[in-house]
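Trainee: Just so we're aligned: 232 in my numbering is position 203 of the sequence shown, and the numbers increase by one with no gaps anywhere.
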Amino acid sequence: MVDLTTASAKWYLNEPLRFTVTRDGADRPVDWGGAKTVQLYPEVGVHDFSFINFFINISSTLGNNTFTYTDGLVTYTCTFPDGNWDIASYNAYLKQHQIDNTGGFVRFQILPNYVLSKAYLQFEAAPHGVGYQAVFAVNSTLTGFTAGSYPAALSLGSETIVATNTARFNLIESVNVTTNLSNNCIASFGGLGQQSNILLSVIPTAGIGYSQYVEPSNIIYVPSEVLTGSVSEIQVQLKDQLGRSINMTENFHVTLSIRY
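(1) Where does Asp-77 sit, in a helix, a strand or coil, going by DSSP?
(2) Taking Cβ positions, are Cys-107 and His-126 nearer each other than 7 Å?
(3) Hey, how far is the Cα of Ser-230 from the Cα of Val-243?
(4) Comparing alpha-carbon positions, which option in Asn-276, Thr-195, Tyr-250 lies nearest Ile-85?
(5) Could you tell me whether any non-hydrogen atom of the ligand GTP is closer than 6 Å to the CB of Val-135?
(6) Can you grab the Cα-Cα spacing for the pair Phe-152 / Val-191, in whole Å?
(7) The beta strand (DSSP E) spanning Ile-227 covers which residue range?
(8) Under the assumption that Asn-82 contacts Ala-235 (Cβ atoms under 8 Å), give the Cβ distance between them as a whole number of angstroms.
(9) Can you tell me which residues form a DSSP beta bridge with Asn-142?
(10) Pull up the distance between the alpha-carbon of Gln-264 and that of Val-103, whole angstroms please.
(11) Express the C-alpha separation of Tyr-105 and Pro-58 in angstroms, rounding to a whole number.
(12) Taking Ala-182 as part of the beta strand (DSSP E), name the residues at either end of that continuous run.
(13) What residue range is occupied by the uninterrupted alpha helix (DSSP H) comprising Ala-121?
(14) Look at the alpha carbon of Pro-110 and the alpha carbon of Tyr-119, and state the distance between them as a whole number of angstroms.
(15) With 16 other CB atoms within 10 Å as the buried threshold, where does Thr-175 fall?
(16) Quick check: Ile-248 and Ser-286, are their CB atoms within less than 7 Å of each other?
(17) How is the beta strand (DSSP E) around Val-243 delimited, first residue to last?
(18) On the DSSP letters alone, give me the boundaries of the beta strand (DSSP E) that Thr-172 sits inside.
(19) Over the uninterrupted beta strand (DSSP E) stretch that includes Gln-162, give me the two end residues.
(20) By Cβ distance below 8 Å, which residues in the same chain neighbour Val-135 in space, the five residues on each side in sequence not counted?
(21) Compare the Cα-Cα distances from Ser-187 to each of Phe-137, Tyr-143, Thr-131, Gly-112 and report the closest residue.
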């Protein structure tokens, strides 16, 4: 949650008020000079939005940063650093862990099928008669595998196991800009009215670690729930496609526009 200030902003007759918020790595309150009077059914929209495509989807906090596999005698635990992981980098890290800890062998991989949006475990023929088994301690949203052991018994030969659930190879499929000014408002999406506080929805297209800038050609203004009275704080929050708060690690910048 980020607070923002209009200390330097000015109201112009018949023109929208625009002000910006920048997250610089820590949420902190900003005094915007006391309560501001809002009148005549204000509407709020996003003038522009920029962010760096780096979101935490694997971490100790989320409880999904370890992967366990066993040969029946020794259990190996691969611990992933907190970060933004896609299926390719996840699999590469897991392969290297096997090479470093099991005598140079890669017994299995987790590979994507982008057409079916499914991941699958691919086991190779067991060297020297040693079988392996992969263990998911929790449901894996990234791969689509549910908690459990795969296969049910040690795999000695070549074997492919397809995940039960659809994989989310990119966990953040959309970045939605929301604000408390538009909570529970009726917005029009595809001609249908529904409650939403989403001002702008963006699909991340920049590479991981790169910046992305969006400036809508036509600002979509959403009616505010604050019809009259005073507003002492405006809050902006980024959420994913499921309405979950996005764990941002880098700066973002939003310019809001308010008209009435």
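Heads up, the beta-carbon is just placed ideally off N, CA and C, and yes, glycines get one too.
Mentor: Reading off the structure:
(1) strand
(2) yes
(3) Rounded to whole angstroms, Ser-230 to Val-243 spans 10 Å at the Cα level.
(4) Closest by alpha carbon: Asn-276.
(5) Within the structure as shown, the ligand GTP is missing, as the structure has no ligands at all.
(6) 11 Å
(7) Taken as a continuous stretch (DSSP letters only), the beta strand (DSSP E) holding Ile-227 covers 227 to 231.
(8) Right, the Cβ-Cβ distance comes to about 4 Å (below 8 Å), so this counts as a contact.
(9) In DSSP, Asn-142 forms a bridge with Lys-147.
(10) 50 Å
(11) Legend: pLDDT at Pro-58 = 37, less than 50; position of this residue unreliable, value from coordinates given subsequently. So the two alpha carbons sit approximately 45 Å from each other.
(12) 177 to 184
(13) Here the alpha helix (DSSP H) through Ala-121 covers 116 to 130.
(14) 10 Å
(15) exposed
(16) yes
(17) 240 to 243
(18) Careful: Thr-172 lies outside any beta strand (DSSP E) and carries neither H nor E.
(19) 161 to 165
(20) Lys-124, Gln-127, Ile-128, Glu-153
(21) Phe-137
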